[in-house]
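The next block holds one structure in the form of structure tokens; read it before the comments.
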Amino acid sequence: MNLNIRPDMNQILDSLLHVLNEETRLYRLALELSQKENESMVGSHLDAFRETTERKTSLVVKIQELEQDRQVIIKDLAEALGQPSDGFNLGKLAQMVEETYARKLRDCRSNLVNLINALSEINSRNREFISHSLKVIKSGFLFLNNLTASNTVYQCSGRMMTSRRSGRVLSGEF
0 MNLNIRPDMN QILDSLLHVL NEETRLYRLA LELSQKENES MVGSHLDAFR
50 ETTERKTSLV VKIQELEQDR QVIIKDLAEA LGQPSDGFNL GKLAQMVEET
100 YARKLRDCRS NLVNLINALS EINSRNREFI SHSLKVIKSG FLFLNNLTAS
150 NTVYQCSGRM MTSRRSGRVL SGEF
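Sequential numbering from 0 applies to the sequence shown in numbering that gives the first Met the number 0.
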């Protein structure tokens, strides 16, 4: 259902496309930073990891600001087209505008979906890597704690039985 679009509607659509293109650019940068974050974690490059994380954090703030702008523009478009703003999205908008805008909106949506999926995948891998690393560190601390216990007794199973010690590093808890 293509509607005839008023000239001011074109300006709103152009504003939306500008926001979407900027979001796409920032998500691409976020994907690159997430990949660098992964490489710095795996390579144990702590300074590079910190720098990448800081850059990524500031990037997230910019993306959130653009997302708010996008939501306001979408709401304005929904009202201008006489549509309820709840559930009004790029797909529905693309069905209601002339083909040139529809194609651009579908392309932006597709790019954003692909980038967000790729970003989600690499962030999931990073989360798994961090979780595994924390488990290894925790088990290392527990092992060291058991070695320093004064009355270590080996059980029949081969496990060490120790009395609970307390303290910052030696408590076995973080």
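Cβ atoms here follow ideal geometry from the backbone N, Cα and C, with glycine treated the same way.
Rounded to whole angstroms, the Cβ separation of Gln63 and Ile121 is 19 Å, and the two are not in contact under 8 Å. For the 7 Å CB-CB criterion, Leu32 and Thr51 form a contact. Put simply, the backbone Cα of Ser123 is about 16 Å away from that of Tyr26. Between Ala93 and Leu104, the beta carbon gap of about 4 Å places them in contact (Cβ cut-off 8 Å). Under the 10 Å beta carbon count, Ile73 is surrounded by 16 or more other beta carbons and is classified as buried. DSSP places Arg108 within a helical segment (H, G or I) once states are collapsed to three. Cβ-Cβ distances below 6 Å link Cys107 to Leu19 in the same chain, with the five nearest sequence neighbours on each side left out; the list follows chain order. The three-state reading of DSSP puts Arg49 in helix, counting H, G and I together.
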